[in-house]
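Sequential numbering of the sequence shown, starting at 1, is according to UniProt numbering.
The C-beta atom is built at its ideal place from N, Cα and C for all residues, glycine as well.
What follows is a short report on a single structure.
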Amino acid sequence: MSAAEQDVFWRTIQCTVEKDVVRTDRSHPFFAGEDNPNIEIMKNILLNYGFYNPKIGYTQGMSDLLAPILATVQNESEAFWCFVGLMQKTIFVTCPKDFDMDINLNYLRELFRIMNHRFYLHLCASDALDLLFVHRWILLCFKREFPEAEAMRMWEACWAHYQTDYFHLFLCSAIVAIYGDDVVEQKLRADEMMVHFSSLAMHMSGELVLRKARGVLHQFRLLPRIPCTLGTRGPGVPLWGTGPIHEDRMRGMEEIQSECSREHRDYSCYVWWTKPIYEDCLRGCIKCFGIDVYLTIKLHRELTLRIEYLKVVFFIYNS
Numbered sequence: 001m002s003a004a005e006q007d008v009f010w011r012t013i014q015c016t017v018e019k020d021v022v023r024t025d026r027s028h029p030f031f032a033g034e035d036n037p038n039i040e041i042m043k044n045i046l047l048n049y050g051f052y053n054p055k056i057g058y059t060q061g062m063s064d065l066l067a068p069i070l071a072t073v074q075n076e077s078e079a080f081w082c083f084v085g086l087m088q089k090t091i092f093v094t095c096p097k098d099f100d101m102d103i104n105l106n107y108l109r110e111l112f113r114i115m116n117h118r119f120y121l122h123l124c125a126s127d128a129l130d131l132l133f134v135h136r137w138i139l140l141c142f143k144r145e146f147p148e149a150e151a152m153r154m155w156e157a158c159w160a161h162y163q164t165d166y167f168h169l170f171l172c173s174a175i176v177a178i179y180g181d182d183v184v185e186q187k188l189r190a191d192e193m194m195v196h197f198s199s200l201a202m203h204m205s206g207e208l209v210l211r212k213a214r215g216v217l218h219q220f221r222l223l224p225r226i227p228c229t230l231g232t233r234g235p236g237v238p239l240w241g242t243g244p245i246h247e248d249r250m251r252g253m254e255e256i257q258s259e260c261s262r263e264h265r266d267y268s269c270y271v272w273w274t275k276p277i278y279e280d281c282l283r284g285c286i287k288c289f290g291i292d293v294y295l296t297i298k299l300h301r302e303l304t305l306r307i308e309y310l311k312v313v314f315f316i317y318n319s
């Protein structure tokens, strides 16, 4: 590493890591006390990860994700590779790009609209659809909202990928379903919502939230139709995941049909990826394609384009 590269690494990663590790989980016995060697180990892992994956590097919050892994594994090299796997393969770690967070928030808004419509209407009325109170839940995987043992159970529930790769969003929906009534009844504004949910940190029941999240997921699976914004294809990573699809995980999903919600704003509808185009759905989606249709082709160039897709493109540009 050249002197210039070392200077950049120091300014962008090392300085932040050194400030964060001394403040991470210091009440935990594994990290407690002055001159604790485990703090140095955590720093080394994060610096090595920043060098190993410069695209992501390091941002505040990663030390919170590494700490429980290191405390459990208690081996530097094994903890490093576990952390690498966590950042690579776990969707609910939105490490931390705005695009990744936007995908999560778009899906979560739709879940609120479908599964908790009263709360969704309040968000609309309060101009709070940016869901600022949710950001910490997702970025830190609920680690600051629940005691460590309960937070780890939530991590494991998400890692199980049971019926969805986005179980963390059903956890968010469950928290709102259980603890969000006061927000609506008291007509809290966006900033007051943040205060309300922040005050609940470490006072919520992780067991209750997990049970409720499983119930919300079950109710979602029973829906006869879901909007295109929560369909099985689309921009980013779809709600039901892109990894290997196991029969038991997707059992019953073939009966759920997608329909155009006409609420997808600035990104293209993708109902047509999974079924033939019908005229009513097409009318609702043409404005979403616009002149961006060639960009859509570019974004999906690695996929095999179906003949229906080509017909849609031809129709839009010749009508």
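Give the DSSP-derived three-state secondary structure of residue i in the structure shown.
i: I56; result: coil
i: G29; result: Looking at the sequence shown, residue 29 is not Gly but Pro. Reduced to three states, the DSSP call for P29 is coil.
i: R189; result: coil
i: R214; result: helix
i: P37; result: helix
i: P224; result: coil
i: G180; result: coil
i: P68; result: helix
i: M42; result: helix
i: Q88; result: helix
i: I297; result: The pLDDT assigned to I297 is 38, lower than 50, so where the model puts this residue is not dependable; a value taken from the coordinates is nonetheless given after this. Here I297 sits in helix by DSSP.
i: L200; result: coil
i: C82; result: helix
i: Q163; result: coil
i: A4; result: helix
i: Q14; result: helix
i: F9; result: helix
i: S205; result: coil
i: S63; result: helix
i: D20; result: helix
i: L105; result: helix
i: C141; result: coil
i: A125; result: helix
i: Q74; result: coil
i: I307; result: Confidence is the limiting factor: at I307 the pLDDT is only 42, short of 50, which leaves the residue's position unreliable, though a coordinate-based value still follows. Looking at I307 - three-state DSSP - the assignment turns out to be helix.
i: D130; result: coil
How about residue i and residue j: are their beta carbons less than 9 Å apart?
i: F142; j: H168; result: yes
i: Y107; j: T229; result: yes
i: M154; j: G206; result: yes
i: V73; j: G50; result: no
i: L223; j: S126; result: no
i: F220; j: F170; result: yes
i: I56; j: M87; result: yes
i: D20; j: L140; result: no
So residue i and residue j are in contact, right, with Cβ under 8 Å, and what is the actual spacing, rounded?
i: M62; j: L46; result: 6 Å
i: A128; j: A190; result: 4 Å
i: M204; j: E145; result: 6 Å
i: N44; j: E76; result: 7 Å
Which residue wins for smallest C-alpha separation from residue i, given the options the options?
i: N53; options: M154, F220, E76, F83; result: F83
i: S199; options: R221, V183, K187; result: V183
i: S27; options: P147, I178, M152, A157; result: P147
i: H135; options: Y120, D102, L123; result: D102
i: D100; options: Q186, I138, E156; result: I138
i: T12; options: F170, Q60, L66, Y162; result: Q60
i: T164; options: M202, L123, H218; result: H218
i: P227; options: M115, K89, P68; result: M115
i: H122; options: G180, A67, L105, L140; result: G180
i: M202; options: Y162, E150, A160; result: E150
i: G215; options: E192, Y162, R225; result: Y162
i: A67; options: I39, D130, D7; result: I39
i: F133; options: E192, A4, C124; result: E192
i: Y58; options: A4, I178, W10; result: W10
i: W159; options: P29, D130, K89, N75; result: K89
Stretch-stretch touch, CB-based, cutoff 8 Å, three pairs: the stretch 23-42 with the stretch 109-126
No: fewer than three Cβ pairs fall under 8 Å.
Stretch pair the stretch 162-176 + the stretch 209-227: three plus CB contacts closer than 8 Å:
Flag = yes, the stretch 162-176 and the stretch 209-227 touch.
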